[in-house]
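Participant: Quick one: the structure is below, questions incoming.
There are 2 protein chains.
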Amino acid sequence: MADPQRIAIVGLGLIGGSLALALRRSLAGVRIVGADADPRAIEQALEGGAVDVGGSVEDAALEACDLVVLCTPAQPLLEMLPEIAGRMARGAVLTDVCGAKERVCEAGAKQDRVVFVGAHPMAGTEYRGFAAADPALFAGATIAVCPPVGAADERARREAGTRVRSLWMAAGAEKVLDVDPAKHDRAVTFASHLPYLAAASIVESLLSAGDAAALARDLAAGGFRDTTRLAGDGTVGGAAALNRFIPSEARALAQRLRALADEIEQDPNAALDRLGNLADERRRMRLPTVSTRVRPARSP
Amino acid sequence: MADPQRIAIVGLGLIGGSLALALRRSLAGVRIVGADADPRAIEQALEGGAVDVGGSVEDAALEACDLVVLCTPAQPLLEMLPEIAGRMARGAVLTDVCGAKERVCEAGAKQDRVVFVGAHPMAGTEYRGFAAADPALFAGATIAVCPPVGAADERARREAGTRVRSLWMAAGAEKVLDVDPAKHDRAVTFASHLPYLAAASIVESLLSAGDAAALARDLAAGGFRDTTRLAGDGTVGGAAALNRFIPSEARALAQRLRALADEIEQDPNAALDRLGNLADERRRMRLPTVSTRVRPARSP
Numbered sequence: 009m010a011d012p013q014r015i016a017i018v019g020l021g022l023i024g025g026s027l028a029l030a031l032r033r034s035l036a037g038v039r040i041v042g043a044d045a046d047p048r049a050i051e052q053a054l055e056g057g058a059v060d061v062g063g064s065v066e067d068a069a070l071e072a073c074d075l076v077v078l079c080t081p082a083q084p085l086l087e088m089l090p091e092i093a094g095r096m097a098r099g100a101v102l103t104d105v106c107g108a109k110e111r112v113c114e115a116g117a118k119q120d121r122v123v124f125v126g127a128h129p130m131a132g133t134e135y136r137g138f139a140a141a142d143p144a145l146f147a148g149a150t151i152a153v154c155p156p157v158g159a160a161d162e163r164a165r166r167e168a169g170t171r172v173r174s175l176w177m178a179a180g181a182e183k184v185l186d187v188d189p190a191k192h193d194r195a196v197t198f199a200s201h202l203p204y205l206a207a208a209s210i211v212e213s214l215l216s217a218g219d220a221a222a223l224a225r226d227l228a229a230g231g232f233r234d235t236t237r238l239a240g241d242g243t244v245g246g247a248a249a250l251n252r253f254i255p256s257e258a259r260a261l262a263q264r265l266r267a268l269a270d271e272i273e274q275d276p277n278a279a280l281d282r283l284g285n286l287a288d289e290r291r292r293m294r295l296p297t298v299s300t301r302v303r304p305a306r307s308p
Numbered sequence: 009m010a011d012p013q014r015i016a017i018v019g020l021g022l023i024g025g026s027l028a029l030a031l032r033r034s035l036a037g038v039r040i041v042g043a044d045a046d047p048r049a050i051e052q053a054l055e056g057g058a059v060d061v062g063g064s065v066e067d068a069a070l071e072a073c074d075l076v077v078l079c080t081p082a083q084p085l086l087e088m089l090p091e092i093a094g095r096m097a098r099g100a101v102l103t104d105v106c107g108a109k110e111r112v113c114e115a116g117a118k119q120d121r122v123v124f125v126g127a128h129p130m131a132g133t134e135y136r137g138f139a140a141a142d143p144a145l146f147a148g149a150t151i152a153v154c155p156p157v158g159a160a161d162e163r164a165r166r167e168a169g170t171r172v173r174s175l176w177m178a179a180g181a182e183k184v185l186d187v188d189p190a191k192h193d194r195a196v197t198f199a200s201h202l203p204y205l206a207a208a209s210i211v212e213s214l215l216s217a218g219d220a221a222a223l224a225r226d227l228a229a230g231g232f233r234d235t236t237r238l239a240g241d242g243t244v245g246g247a248a249a250l251n252r253f254i255p256s257e258a259r260a261l262a263q264r265l266r267a268l269a270d271e272i273e274q275d276p277n278a279a280l281d282r283l284g285n286l287a288d289e290r291r292r293m294r295l296p297t298v299s300t301r302v303r304p305a306r307s308p
């Protein structure tokens with residue numbers, strides 16, 4: 009195994025860039041190899057001191073790293089995983105940040121060169137690219153971590169899981185949750201992917217509203233801003249598209265909306281009772297309200 | 009006309025309570041009559057110094073007030089409007105805060121005793137009741153104000169419009185927008201009511217998710233919190249139910265969601281292009297991100 013402080017981050021956007029900046033601050037002596045298809049991202053990451061060396065994914069010295077983190081959008085991440093694993097040192101640790109875990113972990117399990125540990129940091133903003141990267145992005149965040157797969161050695165797997173947990177704690181995370189990939193995907197369907205698709209659909213409605221759109225923007229109070237903020241994070245869509253629960257649950261959500269519209273027309277009092285109950289339930293969730301990061305610390 | 013500084017606020021919840029507290033601070037010598045069906049709200053408003061006298065709506069001395077503000081939920085507001093107008097001094101000003109303006113302004117135009125000026129402050133939180141009232145709730149807010157209707161005197165109408173604008177500026181608003189009631193309702197369909205109904209439907213999906221619900225809450229990052237925050241504000245539902253554009257637009261939104269689900273299944277790349285474009289459009293809106301008040305200043 010190579011120097012234990014040698015980490016490669018493939019994809020230097022918001023998540024990869026933020027991870028590099030966070031690790032740089034907390035891991036003394038860490039050497040970070042950055043890779044991205046966009047030369048500008050590499051330049052910014054080098055200038056920002058986030059990575060020690062940077063270049064294309066093809067040229068990255070992955071064989072010299074004991075830990076590689078895939079931080080690209082979902083579809084390319086799934087596609088490059090086997091090839092990346094094939095270029096790594098035998099027994100090294102490969103991990104990722106994709107918001108859909110079932111298919112990514114399946115791909116990780118299909119090779120036995122490295123241990124693959126699927127992970128998903130529950131953090132993000134609607135900004136993207138290294139310009140929006142922030143060393144505090146993961147501060148207080150929850151990270152979902154899936155069981156190690158791939159290389160068969162039981163001890164190597166266990167160590168790989170510990171290594172990935174330590175990585176995220178070093179990046180500022182507050183909590184690591186061990187999750188089964190399918191259970192993760194079904195849960196993020198409700199926690200993230202459906203809210204995202206609804207937000208995108210509302211933006212689409214607004215864009216098709218003609219004259220009403222300008223006034224709607226003037227009248228948009230916090231509700232619209234909050235509800236559609238997520239729609240600005242295009243990377244969630246890639247994960248949603250890999251999530252096998254999405255098509256049926258998005259159709260079920262559409263059906264709920266349609267039923268609500270019908271009820272408002274036919275029995276408004278019943279609709280209001282239903283909405284009042286849902287409001288009570290939502291308030292009972294007592295979700296924290298302050299940790300969302302809505303402005304990048306390093307915006308241009 | 010009675011003392012020009014005598015204002016009645018009917019409904020001492022989040023909006024009425026916040027308005028009373030804000031006016032108390034900015035209008036020297038104002039006398040505020042508070043009315044609410046809930047004796048506890050009256051007690052809290054009296055204790056908090058928000059109102060000078062308080063009691064039931066039936067007992068309120070509306071005839072002695074030159075300005076009455078209806079701040080109850082939408083359906084009772086619409087129902088009580090004619091009776092309230094009938095109890096007021098001839099030529100006085102009646103206004104409201106309902107999030108649907110077309111039907112409320114129609115009701116206001118059906119009487120000629122007072123001038124009715126429909127208004128809608130674009131502010132709120134998911135908390136409710138006087139306990140959540142905050143004198144700064146309207147700080148920086150936009151207020152939609154509709155053309156004065158009712159009492160036919162042209163000069164009285166003009167003065168009533170000015171009076172309502174002044175009221176909201178005194179309460180801390182940043183901007184008053186003159187809007188036609190139907191145009192208002194169509195715009196808030198996109199700005200507020202559809203986001204609200206989508207948020208409520210997502211909460212409903214989560215509640216029906218069985219085992220996945222607990223994990224979904226643990227994994228809920230800012231996206232879920234923000235997207236569903238609006239669902240906690242049950243009062244928006246009342247306004248949405250009075251908005252004639254809602255049933256058809258909610259069905260159209262459901263259809264967009266369904267189409268997106270189908271596309272993710274059949275042509276994921278096309279779906280991702282579409283979502284990427286929507287993300288770009290959402291970011292281009294450059295909505296302010298900091299003025300939302302998510303915590304009540306006076307929570308219990």
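Line order of the protein sequences matches chains A and E. If you want my numbering, it's the position in the first sequence, counting the first as 1, plus 8. If you want my numbering, it's the position in the second sequence, counting the first as 1, plus 8. By construction, the Cβ of each residue, glycine as well, lies at the ideal position given by its N, Cα and C atoms.
In three-state terms, what does DSSP make of E:Ala139?
Facilitator: Start at 1 with the first residue of the second sequence, and residue 139 of chain E comes out as number 131. Correct three-state label for E:Ala139: helix.
Participant: Please state whether the Cβ-Cβ distance between E:Leu22 and E:Phe198 is less than 9 Å.
Facilitator: On the second sequence, position 14 is the one that residue 22 of chain E refers to. On the second sequence, position 190 is the one that residue 198 of chain E refers to. Result no, Cβ atoms of E:Leu22 and E:Phe198 do not sit closer than 9 Å.
Participant: For A:Asp60, which three-state DSSP category applies?
Facilitator: Reading the first sequence from its first residue, position 52 is the one you call residue 60 of chain A. In the structure shown, A:Asp60 sits in coil (DSSP, three-state: anything other than H, G, I, E or B).
Participant: In terms of alpha-carbon separation, which member of E:Leu54, E:Leu31 and E:Asp74 lies closest to E:Gly99?
Facilitator: Walking along the second sequence from the start, residue 99 of chain E turns up at place 91. Minimum Cα distance to E:Gly99 is reached at E:Asp74.
Participant: I'd like to know whether the C-beta of A:Pro203 is nearer than 9 Å to at least one C-beta of chain E.
Facilitator: In the first sequence, residue 203 of chain A corresponds to position 195, counting from 1. Closer than 9 Å: yes.
Participant: Which residues of chain A have a Cβ atom closer than 7 Å to the Cβ of E:Ala239, listed in chain order?
Facilitator: Numbered from its first residue, the second sequence carries residue 239 of chain E at position 231. By Cβ distance, chain A contributes Leu286, Ala287 and Arg290.
Participant: Compute the distance between the beta-carbons of A:Val123 and A:Ala159, then report whether it is under 9 Å.
Facilitator: Here the question's residue 123 of chain A lines up with position 115 in the first sequence. Here the question's residue 159 of chain A lines up with position 151 in the first sequence. In contact: A:Val123 and A:Ala159 (Cβ atoms closer than 9 Å).
Participant: When the cut-off is 9 Å and only beta carbons count, does A:Gly246 lie next to chain E?
Facilitator: Mapped onto the first sequence, residue 246 of chain A falls at position 238. Interface residue, yes.
Participant: Bridge partners for E:Thr133 per DSSP, in chain order?
Facilitator: Within the second sequence, numbered from 1, the residue matching residue 133 of chain E stands at position 125. None; E:Thr133 has no bridge partner.
Participant: Quick one: is E:Val105 near chain A, going by C-beta distance under 9 Å?
Facilitator: Walking along the second sequence from the start, residue 105 of chain E turns up at place 97. So no, E:Val105 is outside the interface.
Participant: Rounded to whole angstroms, what is the Cα-Cα separation between A:Arg259 and E:Ile272?
Facilitator: For this step, residue 259 of chain A is matched to residue 251 along the first sequence. For this step, residue 272 of chain E is matched to residue 264 along the second sequence. A:Arg259 and E:Ile272: Cα-Cα distance of roughly 11 Å.
Participant: Express the C-alpha separation of A:Leu145 and A:Trp176 in angstroms, rounding to a whole number.
Facilitator: Here residue 176 of chain A corresponds to residue number 168 of the first sequence, with the count starting at 1. Here residue 145 of chain A corresponds to residue number 137 of the first sequence, with the count starting at 1. Roughly 11 Å between the two C-alpha positions.
Participant: Does any residue of chain A bring its CB to less than 9 Å from the CB of E:Ser256?
Facilitator: Counting from one through the second sequence, the residue named residue 256 of chain E turns up at place 248. At least one chain A Cβ lies under 9 Å of E:Ser256.
Participant: Look at the Cβ atom of A:Val112, then the Cβ atom of A:Leu85, and state whether they are nearer than 9 Å.
Facilitator: For the purposes of this step, residue 112 of chain A is taken as residue 104 along the first sequence, with counting starting at 1. For the purposes of this step, residue 85 of chain A is taken as residue 77 along the first sequence, with counting starting at 1. In this structure, A:Leu85 lies closer than 9 Å to A:Val112 by Cβ.
Participant: Between the segment 235 to 245 of chain E and the segment 192 to 212 of chain E, do at least 3 Cβ pairs fall closer than 8 Å?
Facilitator: Judged by Cβ distances under 8 Å, the segment 235 to 245 of chain E makes contact with the segment 192 to 212 of chain E, as three or more pairs qualify.
Participant: In terms of alpha-carbon separation, which member of E:Gly218, E:Gly246 and E:Ala287 lies closest to A:Leu215?
Facilitator: Numbered from 1 along the first sequence, position 207 holds the residue referred to as residue 215 of chain A. Selected option, being the one with the closest Cα: E:Ala287.
Participant: Quick one: measure Cβ to Cβ for A:Gly116 and A:Gly126, integer angstroms, because I've assumed they're closer than 8 Å.
Facilitator: Along the first sequence, read from residue 1 onward, the residue named residue 116 of chain A stands at position 108. Along the first sequence, read from residue 1 onward, the residue named residue 126 of chain A stands at position 118. With a Cβ gap of about 6 Å, A:Gly116 and A:Gly126 count as contacting.
Participant: Please report whether the beta-carbon of A:Arg306 lies at a distance below 9 Å from any beta-carbon of chain E.
Facilitator: Working through the first sequence from its first residue, we reach residue 306 of chain A at position 298. Here the model assigns A:Arg306 a pLDDT of 34, short of 50, so the residue's position is not dependable and the matter cannot be decided.
Participant: Tell me where the beta strand (DSSP E) around E:Lys183 begins and ends.
Facilitator: As a working note, residue 183 of chain E is residue 175 in the second sequence. Start and end: Lys183 to Asp186.
Participant: Answer yes or no: does any C-beta atom of chain A fall closer than 9 Å to that of E:Met177?
Facilitator: Locating residue 177 of chain E in the second sequence gives position 169, where the first residue counts as 1. No, its Cβ sits nowhere closer than 9 Å to a Cβ of chain A.
Participant: Which residues in the same chain as A:Glu309 place their Cβ atom closer than 6 Å to its Cβ, once the five residues preceding and following it in sequence are excluded?
Facilitator: This structure does not reach residue 309 of chain A, given that chain A is present from 9 up to 308, and the question cannot be answered.
Participant: Within 10 angstroms of the Cβ of A:Arg194, are there 16 or more other Cβ atoms? Answer buried if so, exposed if not.
Facilitator: Translated into the one-based positions of the first sequence, residue 194 of chain A becomes position 186. Under this definition A:Arg194 is a buried residue.
Participant: What's the C-alpha gap between E:Leu48 and E:Gly24?
Facilitator: As a first step, residue 48 of chain E must be located in the second sequence, where it is residue number 40. As a first step, residue 24 of chain E must be located in the second sequence, where it is residue number 16. Going by the sequence as given, residue 48 of chain E is Arg instead of Leu. Their backbone Cα atoms lie some 14 Å apart in a straight line.
Participant: Shorter than 9 Å from the beta carbon of A:Glu212 to some beta carbon of chain E?
Facilitator: Numbered from its first residue, the first sequence carries residue 212 of chain A at position 204. Yes, its Cβ sits closer than 9 Å to a Cβ of chain E.
Participant: Answer with buried or exposed for E:Asp142, where buried requires no fewer than 16 other C-beta atoms within 10 angstroms of its C-beta.
Facilitator: Indexing the second sequence from 1 puts residue 142 of chain E at position 134. Buried: at least 16 other Cβ atoms inside 10 Å.
Participant: Which full runs of the alpha helix (DSSP H) of 4+ residues lie inside the segment 76 to 136 of chain E, going along the chain?
Facilitator: For the segment 76 to 136 of chain E, whole alpha helix (DSSP H) runs of length 4 or above, ordered along the chain, are 82 to 95 and 110 to 117.
Participant: For a test of the three-state rule: what should DSSP assign to A:Ala69, helix, strand or coil?
Facilitator: Taking the first residue of the first sequence as 1, we reach residue 69 of chain A at position 61. Coil.
Participant: Where does A:Val38 fall in DSSP's three states?
Facilitator: Within the first sequence, the letter at position 30 stands for residue 38 of chain A. The answer is coil: DSSP assigns A:Val38 none of H, G, I, E or B.
Participant: Check the DSSP bridge columns for A:Ala207 and list the partner residues they point to.
Facilitator: By 1-based counting over the first sequence, the position of residue 207 of chain A is 199. According to DSSP, A:Ala207 bridges with nothing at all.
Participant: Cβ atoms of E:Cys154 and E:Asp188: under 9 Å apart, would you say?
Facilitator: Taking the second sequence and counting its residues from 1, one reaches residue 188 of chain E at position 180. Taking the second sequence and counting its residues from 1, one reaches residue 154 of chain E at position 146. Yes, they are a contact pair.
Participant: Does chain C have any CB closer than 9 Å to the CB of E:Gly242?
Facilitator: In summary, chain C is missing from the structure at hand, where the protein chains are A and E.
Participant: With A:Arg171 as the anchor, note down where its beta strand (DSSP E) starts and where it stops.
Facilitator: For the purposes of this step, residue 171 of chain A is identified with residue 163 of the first sequence, where counting begins at 1. First-last for A:Arg171: Glu162 to Ala178, but that is the alpha helix (DSSP H), not the beta strand (DSSP E).
Participant: Given a cut-off of 9 Å, decide if A:Val211 and E:Arg225 are closer than it, judged by their beta-carbon atoms.
Facilitator: For this step, residue 225 of chain E is matched to residue 217 along the second sequence. For this step, residue 211 of chain A is matched to residue 203 along the first sequence. No, the pair does not count as a contact, with Cβ atoms beyond the cut-off.
Participant: For E:Ser26, I'd like the list of residues in its chain whose CB is within less than 6 Å of its CB, leaving aside the five on either flank, ordered along the chain.
Facilitator: Counted from its first residue, the second sequence places residue 26 of chain E at position 18. So the qualifying residues of the chain are Ala141, Asp142 and Leu145.
Participant: In its own chain, which residues sit with a C-beta less than 7 Å from the C-beta of E:Asp186, not counting the 5 before and 5 after it?
Facilitator: Position 178 of the second sequence holds residue 186 of chain E. Taken in chain order, the residues that qualify are Val153.
Participant: For A:Ile272, decide whether its Cβ has a neighbour in chain E, counting only Cβ atoms nearer than 9 Å.
Facilitator: Counting from 1 along the first sequence, the entry for residue 272 of chain A is found at position 264. So, interface residue.
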